[in-house]
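Since the structure comes first, as structure tokens, the remarks are kept for the end.
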Amino acid sequence: MKCREELGQTVMAVFHKVDPSDVKKLTGDFGKVFRKTCAGKSKEDIGRWRQALAEVATIAGYHSSNWDNEAAMIKKIATDISNILINSTPSSDFDGFVGMRGHLEKMKPLLRLESDEVRIIGIWGPPGIGKTTIARVLYNQFSNSFQLSVFMENIKANYARPTGSDDYSAKLQLQQMFLSQITKQKDMEIPHLGVAQDRLKDKKVMVVLDGVNQSVQLDAMAKETWWFGPGSRIIITTQDQKLCKAHGINHIYKVNFPPDKEALQIFCMYAFGQNTPKDGFKKLAWKVINLAGNLPLGLRIMGSYFRGMSKEEWKKSLPRLETSLDADIQSILKFCFDVPQLHSVAEYTELLSVEQCQNLRKRS
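All residue numbers for the sequence shown refer to the working numbering, where the first residue is 54 and numbers rise by one.
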């Protein structure tokens, strides 16, 4: 219990064939054993033990009397411990993302995670600027401290409005999918649009709605702050600032283009596997960056395209870059992969990996 208080360690109480009230009051068979244990010990030790056991008894633990099958109880304890260990492991998924620390510092005043206020925060910027990546980092870092959490990925592509449906039907379907994911109840069916606020009004939740592009999506999943319990945080990523303002979202983080130094680091991470150019490639790298612009996704795609190429291959590709590149995502993709018809490419490539980029290059 001292480790719990001073080091923040987790204590899990298992009351095996003993009543928690006997532990707290030191009565019954447990009390008898305790008194034997105290024989010859100092008053100070006995006092510390009494206090520790009183605290242990208040921990919501596992009571063997509540289980008919002891093996099932042990399995449940083991599973819970495993989940606690998994969730307590800090994420390193985004350690290599250039400039991420700066984004998180700028978002702290908007998030105000210490406040019980319910906040809806918008992350706004053009396609490929890194909105989804920032939202993922925030979700991975903080979602464990909320009662319920969900990351609704690429809403405009994955949760598109069904053809011919009216607003009410679209909202009902969206809210149904939203509740099913946040409560982890598969194939949930809801009778009306009042279910979300009824289920979540007393829950501290973290919700990320990624790629919002229609009012109906916000109306269905996060229309009002009072739908959610104290301390909840709702994060919206969108290309449409007007959409945020129309819904009264005043806490908006505009994602700016990275400065030249960071742009070089992003490009080099994908082109060379390090944050600086390889010997003899610095001028070539700057040429590509200047042509492709400082758009993070564009830098990642272009870096992946040039990865593994010789200096001669770089020089051979540059003239085509100079004549065909317009520094936007569609232009960059067209150059890299020679894709004749591009649909929703910005959304698709938000998560494009280096390997996928290289495979597409080989096929083009």
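For every residue, glycine included, the Cβ atom is placed at its ideal position computed from N, Cα and C. The structure displayed is predicted, hence computed values, not measured ones.
* Asked: In the region 329-384, which residue ranges form an unbroken alpha helix (DSSP H) of at least 4 residues, counting only runs that do not cross its ends?
  -> Unbroken alpha helix (DSSP H) stretches of 4 residues or longer found wholly inside the region 329-384: 335-345, 349-359, 364-377, given in chain order.
* How is the alpha helix (DSSP H) around L227 delimited, first residue to last? -> One-based indexing of the sequence shown puts residue 227 at position 174. Counting along the chain, the alpha helix (DSSP H) containing L227 begins and ends at 220-235.
* Beta-carbon gap between I182 and V76 smaller than 8 Å -> Sequence index remark: in the sequence shown, residue 182 carries index 129 (1-based). Sequence index remark: in the sequence shown, residue 76 carries index 23 (1-based). Contact: no.
* Could you tell me the distance, in whole angstroms, from the CA atom of V203 to the CA atom of L253? => Sequence index remark: in the sequence shown, residue 203 carries index 150 (1-based). Sequence index remark: in the sequence shown, residue 253 carries index 200 (1-based). V203 and L253: Cα-Cα distance of roughly 13 Å.
* Which term fits R373, buried or exposed, when burial requires 16 or more other beta carbons within 10 angstroms of its beta carbon? -> As a first step, residue 373 is located in the sequence shown; it is residue number 320 there, counting from the start. Per the 10 Å Cβ criterion, exposed.
* To do: Please state if the CB of E206 and the CB of D263 are separated by a distance shorter than 8 Å.
  => Sequence index remark: in the sequence shown, residue 263 carries index 210 (1-based). Sequence index remark: in the sequence shown, residue 206 carries index 153 (1-based). In contact: D263 and E206 (Cβ atoms closer than 8 Å).
* Could you spell out the range, first to last residue, of the alpha helix (DSSP H) harbouring Y323? => Locating residue 323 in the sequence shown gives position 270, counting from the first residue. Note, Y323: alpha helix (DSSP H), 313-324.
* Using only alpha-carbon positions, find the residue among V258, N303, P244, H245 that is nearest to Q234. => Within the sequence shown, the letter at position 181 stands for residue 234. It is V258 whose Cα lies nearest to the Cα of Q234.
* Among all the DSSP beta bridges, which residues are the ones paired with I176? -> For the purposes of this step, residue 176 is identified with residue 123 of the sequence shown, where counting begins at 1. Bridge partners of I176: T290, Y306.
* Do the CB positions of G282 and D255 come within less than 8 Å of each other? -> Counting from one through the sequence shown, the residue named residue 282 turns up at place 229. Counting from one through the sequence shown, the residue named residue 255 turns up at place 202. Their beta carbons are under 8 Å apart, which means G282 touches D255 by this criterion.
* To do: Give the secondary structure of D75 by DSSP, where H, G and I count as helix, E and B as strand, and everything else as coil.
  => Numbered from 1 along the sequence shown, position 22 holds the residue referred to as residue 75. Looking at D75 - three-state DSSP - the assignment turns out to be helix.
* **Status (buried if at least 16 other CB within 10 Å, exposed otherwise) for C56** => The residue you call residue 56 lines up with position 3 of the sequence shown. It is exposed - the Cβ of C56 has fewer than 16 other Cβ atoms within 10 Å.
* Label Q238 either buried or exposed according to how many other C-beta atoms from any shown protein chain fall within 10 Å of its C-beta, with 16 as the threshold for buried. => Here residue 238 refers to the residue found at position 185 when the sequence shown is read from its first residue. By the 10 Å Cβ count, Q238 comes out exposed.
* To do: In the DSSP assignment, find the beta strand (DSSP E) that holds S268 and state where it starts and stops.
  => Locating residue 268 in the sequence shown gives position 215, where the first residue counts as 1. Unbroken run through S268 is the alpha helix (DSSP H), 268-274; no beta strand (DSSP E).
* Asked: Across which residues does DSSP place D263 in a beta bridge pair?
  -> Taking the sequence shown and counting its residues from 1, the one referred to as residue 263 is at position 210. DSSP output for D263 lists T290 as bridge partner(s).
* Asked: If you run the structure through DSSP and keep just helix, strand and coil, what is H156?
  -> Here residue 156 refers to the residue found at position 103 when the sequence shown is read from its first residue. Helix at H156.
* Asked: Does the beta-carbon distance from A324 to A338 come in below 8 Å?
  -> On the sequence shown, residue 324 is found 271 positions in, with the first residue counted as 1. On the sequence shown, residue 338 is found 285 positions in, with the first residue counted as 1. Taking 8 Å as the Cβ cut-off, A324 and A338 qualify as a contacting pair.
* To do: Would you kindly check if the distance between the Cβ of I208 and the Cβ of L225 is under 8 Å?
  => The residue you call residue 225 lines up with position 172 of the sequence shown. The residue you call residue 208 lines up with position 155 of the sequence shown. Between L225 and I208, the CB-CB gap reaches or exceeds 8 Å.
* Exposed unless 16 or more other CB atoms sit within 10 angstroms - verdict on V260 -> Within the sequence shown, residue 260 is the residue found at index 207, counting from 1. Buried, by the Cβ-count rule.
* Using 10 angstroms around the beta-carbon of V341, count the other beta-carbons present and answer buried if the total reaches 16, otherwise exposed. => Within the sequence shown, numbered from 1, the residue matching residue 341 stands at position 288. It counts as buried.
* To do: Go to F199, then tell me how far its beta strand (DSSP E) extends in each direction, as first and last residue.
  => As a first step, residue 199 must be located in the sequence shown, where it is residue number 146. Where F199 is concerned, there is no enclosing beta strand (DSSP E), given that its DSSP letter is neither H nor E.
* Please classify T290: is it buried, with 16 or more other beta-carbons within 10 angstroms of its beta-carbon, or exposed? => Here the question's residue 290 lines up with position 237 in the sequence shown. Per the 10 Å Cβ criterion, buried.
* **Inter-residue CB distance, Y306 and K159 (contact presumed, cutoff 8 Å)** => As a first step, residue 306 is located in the sequence shown; it is residue number 253 there, counting from the start. As a first step, residue 159 is located in the sequence shown; it is residue number 106 there, counting from the start. Rounded, the Cβ-Cβ distance is 7 Å, consistent with contact.
* S117 and K70: beta carbons closer than 8 Å? -> The sequence position of residue 117 within the sequence shown is 64, counting from 1. The sequence position of residue 70 within the sequence shown is 17, counting from 1. Yes, they are a contact pair.
* **Which residues DSSP lists as bridging Y212, in chain order** => For this step, residue 212 is matched to residue 159 along the sequence shown. Y212 pairs with nothing; no bridge assigned.
* Asked: What is the rounded straight-line gap between the Cα of D164 and the Cα of Q200?
  -> Here residue 164 refers to the residue found at position 111 when the sequence shown is read from its first residue. Here residue 200 refers to the residue found at position 147 when the sequence shown is read from its first residue. The amino acid occupying residue 164 in the given sequence is Leu; Asp does not appear at that position. C-alpha separation (whole angstroms): 17 Å.
* Quick one: measure Cβ to Cβ for M153 and L227, integer angstroms, because I've assumed they're closer than 8 Å. => Against the sequence shown, residue 153 aligns to sequence position 100. Against the sequence shown, residue 227 aligns to sequence position 174. Incorrect: roughly 30 Å between the Cβ atoms, too far for contact.
* Note the first and the last residue of the continuous alpha helix (DSSP H) segment covering W102. => Mapped onto the sequence shown, residue 102 falls at position 49. That run of the alpha helix (DSSP H) goes 96-109.
* What three-state label does DSSP hand L86 in the structure shown? -> Taking the first residue of the sequence shown as 1, we reach residue 86 at position 33. Rather than Leu, the amino acid found at residue 86 in this sequence is Val. If DSSP states are grouped into helix, strand and coil, V86 belongs with the helices.
* At least 3 beta-carbon pairs within less than 8 Å: the region 78-98 vs the region 122-141 -> No, because fewer than three Cβ pairs between the region 78-98 and the region 122-141 fall closer than 8 Å, the two stretches do not touch.
* Quick one: what's got a C-beta closer than 6 Å to P73's C-beta in the same chain, skipping five residues either side? -> Working through the sequence shown from its first residue, we reach residue 73 at position 20. For P73, where only same-chain residues beyond five positions count, the Cβ hits under 6 Å are A110.
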